[in-house]
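**Student:** Heads up: the protein sequence lines correspond to chains A and B, in order. Count the first sequence with the working numbering and you get residues 1 to 560, in order. Count the second sequence with the working numbering and you get residues 1001 to 1560, in order.
2 protein chains.
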Amino acid sequence: MLFMSKYSIGVDFGTESGRALLVDVATGEELASAVYQYENGVIDEALPAPDDDVALEPDWALQDPFDYIRTLQQTVPAVVRAAPVDPADVIGIGIDFTACTMLPVTAAGQPLCAIPEFRREPHAWVKLWKHHAAQAEADRINAVAEMLGERWLTRYGGKISSEWFFSKSLQILDEAPRVYAAADRLIEAADWVVWRMTGVETRNSCTAGYKAIWSKSEGFPHEEFFAILDPRFARIVDEKMSRSITPLGRCAGRLTAEAASWTGLAPGTAVAVANVDAHVSVPAATVTQPGRMVAVMGTSICHLVLGATAEIVEGMCGVVEDGIVPGLFGYEAGQSGVGDIFAWFVDNAVPPRYYEQAAKQGIDVHAVLEREAARLRPGESGLLALDWWNGNRSILVDVDLTGLLLGATLATRAPHIYRALIEATAFGTRTIVDAFETAGVPIKDIVACGGLPAKNRLLMQIYADVTGKKMSVAASAQTPALGSAIFGAVAAGSENGGYDNVVAAAQRMAQLSDERYVPDPAAHEVYDELYGQYRRLHDYFGRGANDVMKSLKALRATIR
Amino acid sequence: MLFMSKYSIGVDFGTESGRALLVDVATGEELASAVYQYENGVIDEALPAPDDDVALEPDWALQDPFDYIRTLQQTVPAVVRAAPVDPADVIGIGIDFTACTMLPVTAAGQPLCAIPEFRREPHAWVKLWKHHAAQAEADRINAVAEMLGERWLTRYGGKISSEWFFSKSLQILDEAPRVYAAADRLIEAADWVVWRMTGVETRNSCTAGYKAIWSKSEGFPHEEFFAILDPRFARIVDEKMSRSITPLGRCAGRLTAEAASWTGLAPGTAVAVANVDAHVSVPAATVTQPGRMVAVMGTSICHLVLGATAEIVEGMCGVVEDGIVPGLFGYEAGQSGVGDIFAWFVDNAVPPRYYEQAAKQGIDVHAVLEREAARLRPGESGLLALDWWNGNRSILVDVDLTGLLLGATLATRAPHIYRALIEATAFGTRTIVDAFETAGVPIKDIVACGGLPAKNRLLMQIYADVTGKKMSVAASAQTPALGSAIFGAVAAGSENGGYDNVVAAAQRMAQLSDERYVPDPAAHEVYDELYGQYRRLHDYFGRGANDVMKSLKALRATIR
């Protein structure tokens, strides 16, 4: 009998675009990918035409839900064609999303922004993860939670974010009560897209857990809590959401005829419960068991760890049962600035001669700086930095902290600073690793994925030397989409040529690259000393002994 | 009777060149100036040809004493010609010098380096002020002084420098005892040049006081002190120097026939006792009384204050009776990095777009940054820096401190940092002003001179706003040479058309420019707050609470 290959598709919905990836279910081989740039992108100044006379306030960031549908229409047929494969051999599809990215919809799943009455109302549109205009609501939620001593705060590092579900929902209620009232459902865009694909409304355990204060054992916060925020908000869960949360790895439903026509796939194709882009990368980076940290390294770093037990880890973003791999506790921590600090540095603090070198040698400025910085030994820059250009997520959970560079002399050159910034972000990661280990969540080694590892080998070696952990790199350059394809194969099930669970699927479909970064003992010893100095500055400036960073920000805020 | 103008010449011996200035004695009008670039410049790699196979160790900096004679030969005739004036109407000449810049000579005033036997011996040459190879000797002097509880330490901020006279002399003894033995005299180059001009050996109270631990009331350190350093060093003062110290403002002697032939001036022209470049700027900046600080602002800042009494000011460089103006105590303090920090910044941390703007607008990058930084209000940068790129001179007296920048975010741009660096150096000046006032040495306002004030008006306004003191600017762009001309006119005396004292001379010959920088009360209030934060960081990192700057330097030193 001829062995017939089966395929799975993962669709990764990002901030500016959506990407589909078609994968061989047996091997994880990536056969084709396609990207769709959202027609309306990030909506942060005015609503799309013809309503572009409706201006948005600062810190707003919206999206058009139909950009997600167009992503399905454009990319899925493209990868099937490009591979090429028989659509009938595509056994499952999974999706992942930015989060919390949420929208108000009708009971039928119609986005309110698609209803003429609400089209010109910004609150009727999708609130993108980086919509930061709900800070007042987040502050209120945190204040009330602290006052009531809500235990769930400890699951989220003591503070919930303005980006999260209830902050955004409460902002709708505060500022557009008519939209709030008209919304039959408030839902993550991830779950809404799966709903539109299957006709079945599900709520995935990942976004519910990390973004909507849900836990498998304790459910959502109690009604009294919501009532104190606003009496009209008391029954939000029962009125606008659902208490039925579906663990990751389940099949959400089957492709409807309509969605089949969008995608060119067979009606009835299995659709996985939705996922979050960072979290879905974990199995795609081969990790399905406790003991390894996955670092999704890009402009920022998201650190994901699986644990057998729920522990309180200082300053983590969240711990969610079934949040990453079903049956385990998924821990998330993060550094709010990494690659974007290096990009800031190159754009704002590197003098012309390095640009000239780069142009002459046909490489980019980062590569010139990396090469020069690689010639320095640990400690040779004489510099130490606090990597807080974009605040500190874990473990201090404080957006008002700012960057620090110490040790500059007249002999300091750009590669010294570049290296010190890389080292500072590595110290930031080590701080997080230490917090996990201190809390009893072991971390044996680290698997990196995302854009940074391939770009900067020096950075990877420094991270290994600083953390003292072996660093591996995921083979796939598009782990979120691969992760979604893995969940698609699990949704299909082994009876259809897929897998029964994520562990089995990842074992076959996920690979590590050949790159390994092993800590150099001598470098690690020097970095131990520097890390001690880093932590001392970290605690001095980060834990209230000297609040100068906040004072400067506060002073600056009085000036506008 | 036709009024006949009289003239005075000041010669300023700098690091790379010497400059003569011809001045109208009645008005201070600057009629002509001429510069001579030293033929052998700063000798810091090898001796001049034909002995350029003799390499110098790191941190060495020598000069050729005949470059000073050539300066007289080249520049004085040039200014007399250019003015033009009748040499007979030049009534006096004064000189000022870098210090401590010293050399070993014979009893006849012949430099040892001019004697064939010693020509190839680096220790026989002039040790320039920035010869830093005598650190071990300075350490020994400081350790012994501390052990013996020498009271004179308090006159020098608790520490003497490797640049100073006895450090350099002791290095000669340590490393070249034959040179030490052969030297009949060890002498400041300033005094040596005056000796060569007049045939009379004088020792001026300024270099003796600031660089050779002399005071009018206590003389030099005692013989036992020198003996502990090295028994052969015990009688250095009596064997190689002189206990006869001449106060500033005196006539050292009259131009010899030989020196008259070098300069084209009349034999017998009055020659003033030599001076130091910074100190001689004080009367040239109109200051001859207590209550005003003179800030000589360039790559670094030298702060000079006159006082009626001798007080212990924290971290000052020195307090010397007759050290600046006869009859008063001259206080010196300093910031080791100012203009050179801005130059470092522009060379090493400003991205191409500012260079492109500068090129397009035909101005320099400093001007672009100044313009952009001037648009920011105090506190708007969100940044705070410690201005220690080149260590800290006053008030911490610690070369191992390093620069710090705090408050960086992804929105930080080069003009923000540029402004923060200017502010940091202004906070450094305010720290020094505060130290004077705390010690009971009043400072009513500040007169600036040197290269910086004319270059950067924003900087001047920030200094006024930060210190809360009115800032004036000396009218002359060459205050050291003007100051020397003032002392030349005093050496001539009123009977010859000059003046009887420095106060009278400065009143006529020194002017302020029209520029005035008055503190803005609102800005001063904001800067008060920022200065409080600066001082907190200053004390935390500078006074031992957190020695991370030293640790980083020590770690770095292990790497070479």
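Built from N, CA and C at the ideal position, the CB exists for glycine as well. No experiment lies behind these values; they were computed from the predicted model shown.
#1: Kindly indicate which three-state DSSP category B/G1028 falls into: helix, strand or coil?
#2: Give the DSSP-derived three-state secondary structure of A/F329 in the structure shown.
#3: Using 8 Å as the cut-off, can you tell me whether the stretch 1312-1326 of chain B makes contact with the stretch 1276-1286 of chain B, which would need three or more C-beta pairs spanning the two stretches below that distance?
#4: Measure the C-alpha to C-alpha separation of A/L552 and A/G542 and round it to an integer number of angstroms.
#5: Which residue wins for smallest C-alpha separation from B/P1104, given the options B/A1385, B/T1154, B/M1241 and B/F1013?
#6: Report yes or no: is there a C-beta of chain B within less than 8 Å of the C-beta of A/Y418?
#7: For A/E175, which residues from the same chain have a beta carbon less than 7 Å from its beta carbon, with the 5 sequence-adjacent residues on both sides left out?
#8: Using a Cβ-Cβ cutoff of less than 7 Å, which residues in the same chain neighbour B/T1288 once the five nearest sequence positions on both sides are dropped?
#9: Quick one, which of A/M316, A/E137, A/W195 and A/V25 has its alpha-carbon nearest A/F233's?
#10: Around the C-beta of B/V1294, are 16 or more other C-beta atoms found within 10 angstroms, so that it is buried, or is it exposed?
#11: Apart from the five residues on each side of it in sequence, which residues of its chain come closer than 7 Å, Cβ to Cβ, to B/C1100?
#12: Tell me the rounded alpha-carbon separation between A/F436 and A/R535.
#13: Quick one, which residues of the stretch 1460-1477 of chain B are near chain A if we go by CB-CB under 9 Å, in chain order?
#14: Assign B/L1002 to one of two classes, buried (16 or more other C-beta atoms within 10 Å of its C-beta) or exposed (fewer than that).
#15: Going along the chain, which residues of its own chain have a beta-carbon closer than 7 Å to the beta-carbon of B/I1462, five neighbours each way excluded?
#16: Count the other C-beta atoms from every protein chain shown that fall within 10 angstroms of the C-beta of B/P1084, then say buried if there are 16 or more, exposed otherwise.
#17: Measuring only between beta-carbons, confirm whether A/Q533 sits less than 8 Å from chain B.
#18: By how many angstroms is the C-alpha of B/V1346 removed from the C-alpha of A/P352?
#19: Given a limit of 7 Å on CB to CB distance, which residues of the stretch 338-370 of chain A reach chain B?
#20: Roughly how many angstroms lie between the CA atoms of B/F1329 and B/P1116, to the nearest whole one?
#21: Looking at the structure shown, is B/V1035 part of a helix, part of a strand, or coil, going by DSSP?
#22: Is B/S1162 close to chain A, meaning its C-beta is less than 8 Å from at least one C-beta of that chain?
#23: Mind listing the chain B neighbours of A/M549? Cutoff is C-beta to C-beta under 8 Å, in chain order.
#24: At the 8 Å Cβ level, is A/I559 part of the contact set with chain B, yes or no?
#25: Assuming B/V1271 contacts B/I1093 (C-beta within less than 8 Å), just tell me the rounded distance between them.
#26: If you drop the 5 nearest sequence neighbours on each side, which residues of the same chain put their C-beta closer than 8 Å to that of A/E57?
#27: What residues from chain A crowd round B/N1392, counting only those whose CB sits closer than 9 Å?
#28: Compare the C-beta of A/M1 against all C-beta atoms of chain B and say whether one is closer than 8 Å.
#29: Just the chain A side, please: which residues come within less than 8 Å of B/E1380 by C-beta, in chain order?
#30: Between A/V433 and A/L512, which are expected to be in contact by the criterion C-beta below 8 Å, what is the C-beta distance as a whole number of angstroms?
#31: Taking CB distances under 8 Å as the criterion, tell me whether A/L255 reaches chain B.
#32: Determine the contact status of A/I9 and A/G498, defining contact as a CB-CB distance below 8 Å.
#33: What is the DSSP secondary structure of B/T1015, counted as helix, strand or coil?
#34: Using 8 Å as the cut-off, can you tell me whether the stretch 367-374 of chain A makes contact with the stretch 393-406 of chain A, which would need three or more C-beta pairs spanning the two stretches below that distance?
#35: From the DSSP output, read off the bridge partner residues of A/N392.
#36: In angstroms, rounded to a whole number, what distance separates the CA positions of B/A947 and B/V1296?
**Tutor:** Looking at the atomic coordinates:
#1: In the second sequence, counting from the first residue as 1, residue 1028 of chain B sits at position 28. Here B/G1028 sits in coil by DSSP.
#2: Start at 1 with the first residue of the first sequence, and residue 329 of chain A comes out as number 329. Reduced to three states, the DSSP call for A/F329 is strand.
#3: yes
#4: Indexing the first sequence from 1 puts residue 552 of chain A at position 552. Indexing the first sequence from 1 puts residue 542 of chain A at position 542. Rounded to the nearest angstrom, the two C-alpha atoms are 14 Å apart.
#5: On the second sequence, position 104 is the one that residue 1104 of chain B refers to. The shortest C-alpha separation from B/P1104 is found at B/M1241.
#6: Taking the first residue of the first sequence as position 1, residue 418 of chain A is located at position 418. Not an interface residue.
#7: The count along the first sequence starts at 1 and reaches residue 175 of chain A at position 175. Cβ neighbours of A/E175 beyond the five flanking positions: H123.
#8: The sequence position of residue 1288 of chain B within the second sequence is 288, counting from 1. Excluding residues within five positions, the ones whose Cβ falls inside 7 Å are V1325, V1502, V1503 and A1506.
#9: Sequence index remark: in the first sequence, residue 233 of chain A carries index 233 (1-based). Closest by alpha carbon: A/E137.
#10: As a first step, residue 1294 of chain B must be located in the second sequence, where it is residue number 294. B/V1294 should be labelled buried.
#11: The residue labelled residue 1100 of chain B in the question sits at position 100 within the second sequence. Contacts found: W1129, E1163, W1164, F1165, K1168, E1188, T1207 and K1211.
#12: For the purposes of this step, residue 436 of chain A is taken as the residue at position 436 of the first sequence. For the purposes of this step, residue 535 of chain A is taken as the residue at position 535 of the first sequence. So the alpha carbons of these two residues sit roughly 16 Å apart.
#13: none
#14: Position 2 of the second sequence, counted from the first residue, corresponds to residue 1002 of chain B. Unreliable positioning characterises B/L1002 in this predicted model, as indicated by a pLDDT of 49, which lies under 50. A coordinate reading is not provided.
#15: As a position in the second sequence, residue 1462 of chain B is number 462, starting the count at 1. Within the same chain, B/I1462 has close Cβ partners I1422, E1423 and A1426.
#16: Taking the first residue of the second sequence as position 1, residue 1084 of chain B is located at position 84. Exposed.
#17: Residue 533 of chain A sits at position 533 when you count from the first residue of the first sequence. Output row for A/Q533: interface = yes.
#18: Walking along the first sequence from the start, residue 352 of chain A turns up at place 352. Walking along the second sequence from the start, residue 1346 of chain B turns up at place 346. C-alpha separation (whole angstroms): 10 Å.
#19: D340, W344, D347, N348, A349, V350, P351, P352 and Y355
#20: Position 329 of the second sequence, counting from 1, holds the residue named residue 1329 of chain B. Position 116 of the second sequence, counting from 1, holds the residue named residue 1116 of chain B. Answer to the nearest angstrom: the Cα atoms are 43 Å apart.
#21: Sequence index remark: in the second sequence, residue 1035 of chain B carries index 35 (1-based). Strand, per DSSP.
#22: Translated into positions along the second sequence, residue 1162 of chain B becomes position 162. With 8 Å as the cut-off, B/S1162 does not count as an interface residue toward chain A.
#23: Taking the first residue of the first sequence as position 1, residue 549 of chain A is located at position 549. Per Cβ cutoff of 8 Å: L1406 and G1407.
#24: By one-based count along the first sequence, residue 559 of chain A stands at place 559. True, the Cβ-Cβ gap to chain B drops below 8 Å.
#25: Translated into positions along the second sequence, residue 1271 of chain B becomes position 271. Translated into positions along the second sequence, residue 1093 of chain B becomes position 93. Sure, about 6 Å apart at Cβ, within 8 Å.
#26: On the first sequence, residue 57 of chain A is found 57 positions in, with the first residue counted as 1. Excluding residues within five positions, the ones whose Cβ falls inside 8 Å are A133.
#27: For the purposes of this step, residue 1392 of chain B is taken as the residue at position 392 of the second sequence. By Cβ distance, chain A contributes nothing, its closest Cβ being about 12 Å from B/N1392, past 9 Å.
#28: Here the question's residue 1 of chain A lines up with position 1 in the first sequence. Any reading at A/M1 must be qualified, since the residue scores a pLDDT of 39, below 50, and its modelled position is unreliable; the value itself is stated next. Not closer than 8 Å to any Cβ of chain B, the Cβ of A/M1 fails to qualify, so no.
#29: The count along the second sequence starts at 1 and reaches residue 1380 of chain B at position 380. R556 and I559, listed in chain order.
#30: Within the first sequence, numbered from 1, the residue matching residue 433 of chain A stands at position 433. Within the first sequence, numbered from 1, the residue matching residue 512 of chain A stands at position 512. The Cβ separation is near 19 Å, so there is no contact.
#31: Locating residue 255 of chain A in the first sequence gives position 255, counting from the first residue. Not one chain B Cβ lies under 8 Å of A/L255.
#32: Taking the first sequence and counting its residues from 1, one reaches residue 9 of chain A at position 9. Taking the first sequence and counting its residues from 1, one reaches residue 498 of chain A at position 498. Against a cut-off of 8 Å, the Cβ pair of A/G498 and A/I9 comes out as no contact.
#33: By one-based count along the second sequence, residue 1015 of chain B stands at place 15. DSSP places B/T1015 in coil when its eight states are reduced to three.
#34: no
#35: The residue you call residue 392 of chain A lines up with position 392 of the first sequence. In the DSSP output, where bridge partners are listed per residue, A/N392 has A/D398.
#36: No answer is possible for residue 947 of chain B: the residues shown for chain B start at 1001 and end at 1560.
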